[in-house]
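For the sequence shown, this note's numbering puts the final residue at 553, and the numbers step up evenly by one. All C-beta atoms, glycine included, are put in the ideal place defined by N, C-alpha and C.
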Amino acid sequence: MSDVQIDRIDTASLAGPADYIALLKPRVMSLVVFTALVGMVMAPGGIHPVVGFAALLCIAVGAGASGALNMWYDADIDRLMLRTQKRPIPAGRVTESEALAFGLTLAAFSVGCLTVLVNPVAGGLLAFTIFFYVVIYSMWLKRWTPQNIVIGGAAGAFPPVVAWASVTGSVSVESVVLFLIIFMWTPPHFWALALFKSDDYKRAGIPMLPVVAGLAETRRQILIYSVLLAPIGVLPAILGFASLAYGCAAAALGAVFLGMAVRVYRMADSDAAMLPAKRLFAFSIFYLFMLFAMLLVERLAMLAGLSW
Numbered sequence: 246m247s248d249v250q251i252d253r254i255d256t257a258s259l260a261g262p263a264d265y266i267a268l269l270k271p272r273v274m275s276l277v278v279f280t281a282l283v284g285m286v287m288a289p290g291g292i293h294p295v296v297g298f299a300a301l302l303c304i305a306v307g308a309g310a311s312g313a314l315n316m317w318y319d320a321d322i323d324r325l326m327l328r329t330q331k332r333p334i335p336a337g338r339v340t341e342s343e344a345l346a347f348g349l350t351l352a353a354f355s356v357g358c359l360t361v362l363v364n365p366v367a368g369g370l371l372a373f374t375i376f377f378y379v380v381i382y383s384m385w386l387k388r389w390t391p392q393n394i395v396i397g398g399a400a401g402a403f404p405p406v407v408a409w410a411s412v413t414g415s416v417s418v419e420s421v422v423l424f425l426i427i428f429m430w431t432p433p434h435f436w437a438l439a440l441f442k443s444d445d446y447k448r449a450g451i452p453m454l455p456v457v458a459g460l461a462e463t464r465r466q467i468l469i470y471s472v473l474l475a476p477i478g479v480l481p482a483i484l485g486f487a488s489l490a491y492g493c494a495a496a497a498l499g500a501v502f503l504g505m506a507v508r509v510y511r512m513a514d515s516d517a518a519m520l521p522a523k524r525l526f527a528f529s530i531f532y533l534f535m536l537f538a539m540l541l542v543e544r545l546a547m548l549a550g551l552s553w
């Protein structure tokens with residue numbers, strides 16, 4: 246056995262629970278669980294609390310499996326990017342084979358349990374979500390096209406649909422609207438990040454929009470998707486499954502989002518600080534959280550017999 250192999254084994258043996266938790270991408274998982282919870286609570290009918298908890302757990306584990314498999318496949322480029330060099334695999338604490346086995350095990354467990362304990366429709370949607378994120382996005386789109394985050398964003402938009410199907414056994418217009426909000430939010434959110442992390446993506450050879458099309462085109466695309474996102478965020482009120490109060494708040498948040506996108510659009514290429522992009526990136530997280538939080542609070546208030 247070579248010295249390199251010995252060093253690799255010794256390093257892998259140092260992996261602790263925190264390293265495997267990091268493979269799950271816990272920050273992404275928290276967003277997945279939250280949006281799934283909203284989808285589940287808003288779905289008509291009801292679900293037994295134990296079954297609902299099992300469904301959310303399976304969705305969370307499925308998201309973690311996707312994260313682990315993504316880190317396994319992206320280990321080569323993670324070693325090149327400053328913001329990802331400290332992840333467990335590039336840092337040498339977990340081997341690629343360990344991450345692969347961990348991710349596949351979690352994927353099989355989450356899909357199998359959701360199918361058996363909840364219903365086959367939800368299980369099938371979760372399996373498709375994992376497949377889409379790992380194969381379609383990570384293995385294909387991410388390294389092939391600057392539209393990677395547009396198409397690949399569908400993976401992050403599926404959790405509320407999976408949760409909705411856990412309750413109803415089907416997909417409805419309402420669940421599709423929840424999907425669309427996240428789907429249209431993803432490009433301006435990630436392109437804002439890509440604007441001030443473009444050197445990282447260039448170093449790793451990832452064809453993110455700023456690298457391929459330039460900063461000006463990226464700013465233009467952020468504005469276009471922000472214009473599309475603002476009215477979609479109000480759709481729950483327009484379609485009648487959210488209140489007028491939600492609609493007004495969503496419209497106001499959308500106007501702020503759009504105003505910040507305009508500032509990014511007007512930002513000079515020479516702006517080294519990239520403050521407008523950083524502010525939009527931070528606000529976009531708050532925007533999505535507030536939309537889903539308002540939907541959740543309204544639905545819980547309705548179930549409790551309260552009204553706005």
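Distance from the CA atom of alanine 299 to the CA atom of leucine 362, rounded to whole angstroms, is 8 Å. The residue from Gly550, Gln466, Ile530 with its alpha-carbon nearest to that of serine 275 is Ile530. Straight-line measurement puts the Cα of aspartate 516 at about 12 Å from the Cα of lysine 523. In this structure, proline 481 lies near valine 422, with their beta-carbon atoms less than 8 Å apart. Listed in chain order, the non-local C-beta contacts of leucine 440 below 7 Å within the same chain comprise Pro455, Leu460, Thr463, Met519, Ala522, local neighbours out to five positions each way being set aside.
DSSP places asparagine 364 in the coil class of the three-state scheme, outside both helix and strand. Collapsing the DSSP output to three states places proline 333 in coil. Ranked by Cα distance from glycine 450, the options Ala281, Arg272, Asp321 are led by Asp321. Shortest Cα-Cα distance from arginine 332 to any of Met316, Leu345, Glu343 involves Met316. Residue environment analysis places arginine 338 among the buried positions, since at least 16 neighbouring C-beta atoms fall within 10 angstroms of its C-beta.
Cβ neighbours of leucine 325 within its own chain (closer than 6 Å, five residues either side excluded): Arg448, Ala449.
Per DSSP, reduced to three states, the secondary structure at glutamine 466 is helical.
DSSP, reduced to helix, strand and coil, places aspartate 514 outside both helices and strands of the structure shown, so it counts as coil.
In the structure shown, phenylalanine 403 falls within a coil segment according to DSSP collapsed to helix, strand and coil. Apart from the 5 residues on each side of it in sequence, tyrosine 382 sits with its Cβ closer than 6 Å to the Cβ of Gly397, Ala400 in its chain, given in chain order.
A direct Cα-Cα distance of roughly 20 Å separates leucine 525 from proline 391.
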